[in-house]
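Enquirer:
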Amino acid sequence: MPSLPRASTRLSTPASTRASTRASRGDEDRASKATSKATGLDVDTLWAMDRVGPPSLSPDGAQAVVPVTRYDMEQNRGQTSLWLLSTLGGEPRRLTQAGDKDGQPQWSPTGNDIAFIARRDQGGSKDDAAQLYLIPPDGGEARRVTDLPFGVEAFKWFPDGRRIAFISWVDPTRKGAAAQQARHQEDKDRKATGYVTEESLYRFWDHSLPMGRVPHLHVLDLETGRVRDLFEGTDYELSRAEPDTDTFDISPDGRRIAFSFDPAPTKILDHRHALAEIDVRSGRVQVLLQDGDWDFTAPCYSHAGHHLAFLASHQGHKHTMPHHIAVLDTHGNWAVLSEDWDHDVSAPLRWDEDDLGVLCLAEDRGRRHLWRFDVKTLTAFVLFEGGHAGAFALEAGTLVVLHDSVVFPPRVSVVEREGEADEQQLRRIDTFNDDTLDRLTAGRHEEVWLEGAQGDPVQMWLIYPPHFDKRKKHPLMHVIHGGPHTAFGDSWHWRWNHQVMAAQGYVVACVNYHGSSSFGHAFLDSITHRWGELELQDIEAATDWLLTQPWADRKRVFAAGGSYGGYMVAWMNGHVAPGRYQAYVCHAGCYDWQAMVANDAYHWHAKELGATYWEDPARVASQSPHHFAQHFSTPTLVIHGRMDYRVPDAQGLAYYNTLKARGIDARLLWFPDENHWILKPQNSRLWYEEFFGWLARHDRKAKKSRHG
Ligand SMILES: CSCC[C@H](NC=O)C(=O)N[C@@H](Cc1ccccc1)C(=O)O
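Structure follows, in structure tokens:
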């Protein structure tokens with residue numbers, strides 16, 4: 001981080017300017033063009049944009065397949081189909097037409113097929129659950145290759161291209177396909193809807209975990225159609241928290257599968273995972289690494305099969321410890337390699353083609369890059385500099401990245417791997433959304449560093465309205481991120497879209513307050529056991545800085561946040577002098593840490609707050625917005641979804657009821673069919689309408705005709 005005077009501003013770091021220039025010269029031009037004809041982004045245009053998902057490459061690296069989701073606002077639904085992109089040049093080609101949601105495409109190692117997961121009405125039968133399909137890349141009919149009662153959750157090809165390993169949730173007390181089928185029929189015949197459990201972990205984000213079923217690893221033989229449950233008759237299972245392909249990996253010779261698992265008999269979200277390896281033929285399991293102090297996840301075999309890279313977090317030291325790259329050899333020796341690199345590494349890992357480096361995604365000061373971590377020199381090197389790198393794929397020397405920025409949604413580019421990162425060359429291989437972006441003027445964004453709490457440098461991103469005129473006064477809006485251990489940066493958000501907000505005339509401010517990820521472990525951990533305190537000082541320091549700007553309208557200052565960001569605006573309501581902010585929007589906000597024990601991640605709170613409510617109720621209350629209700633005075637729009645199990649809607653309702661009971665101007669927007677996020681087009685349109693309408697109502701200069 002730079003050492004700072006009180007505040008320093010720059011359009012972006014020199015490095016990121018380089019990256020975004022190369023990634024998106026057209027987008028930079030668009031941002032600065034600001035012709036009087038062009039307008040900013042509106043909600044309907046946002047929903048009309050194509051949403052590109054993670055790419056998978058053909059074995060020769062010549063083509064990528066991506067899922068693309070398109071929404072229809074009037075029909076209030078989306079459809080996902082697969083598209084082929086040439087990495088050599090040429091127009092994108094749509095591969096699937098028929099499916100509703102053709103997802104997770106993976107190119108076979110032989111190059112002959114693309115496997116994907118879908119729930120289709122095809123060949124005279126309709127899938128009850130998502131199944132695996134294969135389609136040849138040169139077109140033709142997709143063919144269903146599984147017909148499993150409980151469907152397929154995620155999968156990986158075996159290197160021989162003849163088998164597929166996949167995850168399916170099965171009843172561990174039953175053996176054989178017929179027994180699982182019978183269980184499925186029993187579930188279908190059950191008339192009662194009550195959910196009965198003695199589990200500690202029984203719901204996750206927005207869904208109840210299947211009663212009495214757990215995620216097992218299976219193998220499908222494509223020639224015979226035979227499916228084997230590799231965990232049948234054992235206590236092994238994969239993580240119950242949305243298990244995906246990061247939880248296992250297949251050895252290059254196809255004989256073994258490494259997987260991470262929770263060794264404790266009773267599962268909770270925060271348990272530390274161990275690593276094991278199963279011999280595919282015999283089904284014999286060998287535990288590779290198990291240590292109560294460590295969480296081991298995301299195994300990945302080297303190409304030669306001699307090393308297993310994985311993520312290791314030293315939870316015994318502190319629960320906030322980052323995930324580091326670690327390697328295990330065939331003699332059982334393991335070591336953490338990236339210990340001196342103060343970055344939290346994300347899954348998946350992938351060995352580089354020389355087996356001397358591991359590719360990974362990791363955040364860095366509000367951005368997210370693709371890195372190569374060199375296992376000999378123990379140094380990290382940026383391969384692709386974000387903006388925001390969302391996913392990557394590497395085959396036959398071709399490296400592609402799915403990346404986005406504040407000024408463009410996710411797109412796919414080839415990263416030419418020559419020279420230093422400074423000379424990074426990107427070649428875009430899709431054209432999705434270009435026509436739409438060409439018609440728009442994007443708001444300019446920049447990064448500002450402030451002196452925040454404890455005198456520490458704190459990063460803030462500003463997104464200006466499209467036709468920003470610094471001689472005029474503008475309303476300000478804080479958009480406060482959730483987590484708390486996440487970060488805002490140079491990235492695209494489909495739900496809290498900065499461009500849509502800036503296009504309404506606000507200067508949007510996103511502060512990466514103490515506790516945010518991507519600024520090193522000490523910064524992330526600085527708020528532990530003292531939630532609210534430093535974060536508020538940072539946001540207030542940012543407001544102070546904003547109010548000194550000649551273009552800032554001091555009487556038109558707002559703050560909005562979701563989840564932990566919602567916690568922050570509720571906290572502000574109890575701690576900031578009345579009148580400093582004209583209105584708040586609290587989306588899915590955490591309001592009362594004692595009542596939050598009703599959520600799906602209740603084991604985690606005490607580690608962050610420093611106590612459970614039965615041990616030290618005063619300590620918990622001192623970090624809880626509800627405890628400061630007597631000071632609330634600022635008008636607030638409260639938004640919540642009934643299907644939110646992370647921050648149960650009782651949190652939002654308690655906040656709203658308190659505001660009403662105290663006679664404070666408040667409005668409630670409650671969605672019976674949404675979760676922590678507003679995912680349906682029409683509901684999103686309503687969300688934005690209410691959001692802007694509420695702010696306008698408390699904005700002395702807003703055009704009343706527009707917002708009622
Ligand atoms: C294992 S719990 C993970 C909590 C997660 N925070 C990540 O940094 C999260 O879901 N945060 C919510 C807010 C929240 C905070 C604490 C407890 C429940 C919810 C969010 O901001 O999205």
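Going by full-length UniProt numbering, 121 is the number at position 121 of the sequence shown; the sequence numbering is gapless. Every residue, glycine too, gets a C-beta built ideally from N, C-alpha and C. These numbers come from a predicted model, not from an experiment.
(1) Can you grab the Cα-Cα spacing for the pair Trp694 / Ile527, in whole Å?
(2) Hey, out of Arg554, Cys510 and Gly316, whose CA is closest to Asp538's CA?
(3) Is the distance from the Cβ of Gly532 to the Cβ of Trp571 below 8 Å?
(4) Look up Thr21 in the DSSP assignment and say whether it is helix, strand or coil.
(5) Under 8 Å by Cβ, that's how I've got Val463 and Val508 pegged, so tell me the actual separation to the nearest angstrom.
(6) Return yes when the C-beta of His477 is under 7 Å from any heavy atom of ligand 1, and no when it is not.
(7) Using 8 Å for Cβ pairs, my map puts His303 next to Trp341. What's the rounded Cβ distance?
(8) Less than 7 Å between the CB of Pro484 and some heavy atom of ligand 1, yes or no?
(9) Are three or more beta carbon pairs between the region 669–688 and the region 590–598 nearer than 8 Å?
(10) Can you give me the Cβ contacts of Arg51 inside the same chain, cut-off strictly under 6 Å, excluding the 5 residues immediately before and after it?
(11) Apart from the five residues on each side of it in sequence, which residues of its chain come closer than 6 Å, Cβ to Cβ, to Gln63?
(12) So the beta strand (DSSP E) Met460 belongs to, where does it begin and stop?
(13) Please name the residue or residues paired with His218 in a DSSP beta bridge.
(14) Nearest-angstrom Cα distance between Pro410 and Trp614?
(15) Closer than 6 Å by C-beta to Leu637: which residues in its own chain qualify, once you throw out the five before and the five after it? Chain order, please.
(16) Find out if the Cβ-Cβ distance for the pair Leu476, Tyr506 is shorter than 8 Å.
(17) Give the secondary structure of Phe671 by DSSP, where H, G and I count as helix, E and B as strand, and everything else as coil.
(18) Please name the residue in Val375, Thr377, Val414 and Gly161 whose C-alpha comes closest to that of Pro55.
(19) Is any heavy atom in ligand 2 found nearer than 7 Å to the beta carbon of Leu84?
(20) Hey, how far is the Cα of His493 from the Cα of Ala241?
(21) When you measure from the CB of Ala570 to every non-hydrogen atom of ligand 1, does any distance come out below 7 Å?
(22) Alpha carbon to alpha carbon, how far is Asp270 from Lys472?
(23) By Cβ distance, which residues of its chain are closer than 8 Å to Thr266, with the 5 residues on each side in sequence left out?
(24) Taking the alpha-carbon of Gly663 as reference, which of Leu686, His631 and Ser684 has the nearest alpha-carbon?
(25) What does Leu426 pair with, by DSSP beta-bridge criteria?
(26) For His306, does the count of other Cβ atoms within 10 angstroms reach 16, so buried, or fall short, so exposed?
(27) Leaving out the 5 sequence neighbours to the left and right, which residues in its chain are closer than 7 Å to Ile268 when beta-carbon positions are compared?
(28) Output yes or no for whether 8 Å exceeds the beta carbon distance between Arg144 and Glu223.
(29) What residue range is occupied by the uninterrupted beta strand (DSSP E) comprising Met73?
(30) So, at 6 Å on beta carbons, what are the nonlocal neighbours of Asp644 in its own chain, with the 5 sequence-adjacent residues on each side left out?
(31) Let me know the secondary structure DSSP gives Glu451 once reduced to three states.
(32) DSSP puts Trp351 in a beta bridge; with which residues?
(33) Tell me whether the beta-carbon of Gln582 lies closer than 8 Å to the beta-carbon of Arg556.
(34) Between which two residues does the beta strand (DSSP E) harbouring Glu141 extend?
(35) Answer yes if the region 157–177 comes into contact with the region 206–226, meaning at least three C-beta pairs across the two stretches below 8 Å, and no otherwise.
(36) I need the straight-line Cα distance from Glu277 to Trp157, nearest angstrom please.
Expert: This is what the structure holds:
(1) Here residue 694 refers to the residue found at position 694 when the sequence shown is read from its first residue. Here residue 527 refers to the residue found at position 527 when the sequence shown is read from its first residue. When rounded, the distance between both Cα atoms is 31 Å.
(2) Counted from its first residue, the sequence shown places residue 538 at position 538. Ranking Arg554, Cys510 and Gly316 by Cα distance to Asp538 puts Cys510 first.
(3) Locating residue 532 in the sequence shown gives position 532, where the first residue counts as 1. Locating residue 571 in the sequence shown gives position 571, where the first residue counts as 1. Yes, Cβ-Cβ distance for Gly532 and Trp571 is below 8 Å.
(4) Mapped onto the sequence shown, residue 21 falls at position 21. Note that Thr21 scores 26 on pLDDT, short of 50, meaning its location in the model is unreliable; the coordinates nonetheless yield the value given after this. Residue state, collapsed to three classes: helix.
(5) By 1-based counting over the sequence shown, the position of residue 463 is 463. By 1-based counting over the sequence shown, the position of residue 508 is 508. According to the sequence shown, residue 463 is Ile rather than Val. Contact holds; Cβ gap of about 4 Å.
(6) Here residue 477 is taken as the residue at index 477 of the sequence shown, counted from 1. His is not the amino acid found at residue 477; the sequence shown has Met there. Answer for Met477: no, Cβ out of range of ligand 1.
(7) The residue given as residue 303 occupies position 303 in the sequence shown. The residue given as residue 341 occupies position 341 in the sequence shown. Actually they are not in contact, since the Cβ atoms of His303 and Trp341 sit about 23 Å apart, beyond 8 Å.
(8) Sequence index remark: in the sequence shown, residue 484 carries index 484 (1-based). Yes, since a heavy atom of ligand 1 falls inside the 7 Å radius drawn around the Cβ of Pro484.
(9) no
(10) Walking along the sequence shown from the start, residue 51 turns up at place 51. For Arg51, where only same-chain residues beyond five positions count, the Cβ hits under 6 Å are Thr69.
(11) The sequence position of residue 63 within the sequence shown is 63, counting from 1. Around Gln63: Leu84 and Ser86.
(12) The sequence position of residue 460 within the sequence shown is 460, counting from 1. Pro457 to Ile463 is the extent of the beta strand (DSSP E) around Met460.
(13) Counting from one through the sequence shown, the residue named residue 218 turns up at place 218. Answer is Phe166 and Asp229, bridged to His218.
(14) For the purposes of this step, residue 410 is taken as residue 410 along the sequence shown, with counting starting at 1. For the purposes of this step, residue 614 is taken as residue 614 along the sequence shown, with counting starting at 1. Cα to Cα, the separation comes out at about 45 Å.
(15) As a first step, residue 637 is located in the sequence shown; it is residue number 637 there, counting from the start. In the same chain as Leu637, and ignoring 5 residues on each side of it, the C-beta atoms closer than 6 Å to its own belong to Val585, Arg667 and Trp694, in chain order.
(16) Taking the sequence shown and counting its residues from 1, one reaches residue 476 at position 476. Taking the sequence shown and counting its residues from 1, one reaches residue 506 at position 506. Yes, the pair counts as a contact, with Cβ atoms nearer than the cut-off.
(17) Taking the first residue of the sequence shown as position 1, residue 671 is located at position 671. Strand.
(18) For the purposes of this step, residue 55 is taken as residue 55 along the sequence shown, with counting starting at 1. Nearest C-alpha to Pro55 among Val375, Thr377, Val414 and Gly161: Val414.
(19) In the structure on display, ligand 2 does not appear, and the ligands it does have are ligand 1.
(20) If you number the sequence shown from 1, residue 493 lands on position 493. If you number the sequence shown from 1, residue 241 lands on position 241. Taking the straight line joining both Cα atoms gives about 23 Å.
(21) Counting from one through the sequence shown, the residue named residue 570 turns up at place 570. Outside the cutoff, so no.
(22) Position 270 of the sequence shown holds residue 270. Position 472 of the sequence shown holds residue 472. Computed Cα separation, rounded: 50 Å.
(23) The sequence position of residue 266 within the sequence shown is 266, counting from 1. Glu199 and Ser200, listed in sequence order.
(24) Taking the first residue of the sequence shown as 1, we reach residue 663 at position 663. When only C-alpha atoms are compared, the closest one is His631.
(25) Here residue 426 is taken as the residue at index 426 of the sequence shown, counted from 1. For Leu426, which the question treats as bridged, DSSP gives the partners Val415.
(26) Counting from one through the sequence shown, the residue named residue 306 turns up at place 306. His306 comes out exposed.
(27) Sequence index remark: in the sequence shown, residue 268 carries index 268 (1-based). Excluding positions up to five away in sequence, the list reads Ser200, Leu201 and His603.
(28) As a first step, residue 144 is located in the sequence shown; it is residue number 144 there, counting from the start. As a first step, residue 223 is located in the sequence shown; it is residue number 223 there, counting from the start. No, the Cβ-Cβ distance between Arg144 and Glu223 is not below 8 Å.
(29) To locate residue 73, count along the sequence shown from 1; it is residue 73. Annotation: Met73 is outside any beta strand (DSSP E) and is labelled neither H nor E by DSSP.
(30) By one-based count along the sequence shown, residue 644 stands at place 644. Closer than 6 Å at the Cβ level, and outside the excluded window around Asp644, lie Ala588, Asn675 and His676.
(31) Counting from 1 along the sequence shown, the entry for residue 451 is found at position 451. Reduced to three states, the DSSP call for Glu451 is strand.
(32) As a working mapping, residue 351 is identified with position 351 in the sequence shown. Trp351 is bridged to Val358.
(33) As a working note, residue 582 is residue 582 in the sequence shown. As a working note, residue 556 is residue 556 in the sequence shown. In this structure, Arg556 lies closer than 8 Å to Gln582 by Cβ.
(34) Here residue 141 refers to the residue found at position 141 of the sequence shown. Element bounds for Glu141: n/a, residue is neither H nor E.
(35) yes
(36) As a working mapping, residue 277 is identified with position 277 in the sequence shown. As a working mapping, residue 157 is identified with position 157 in the sequence shown. If I take the Cα positions, the gap works out to 17 Å.
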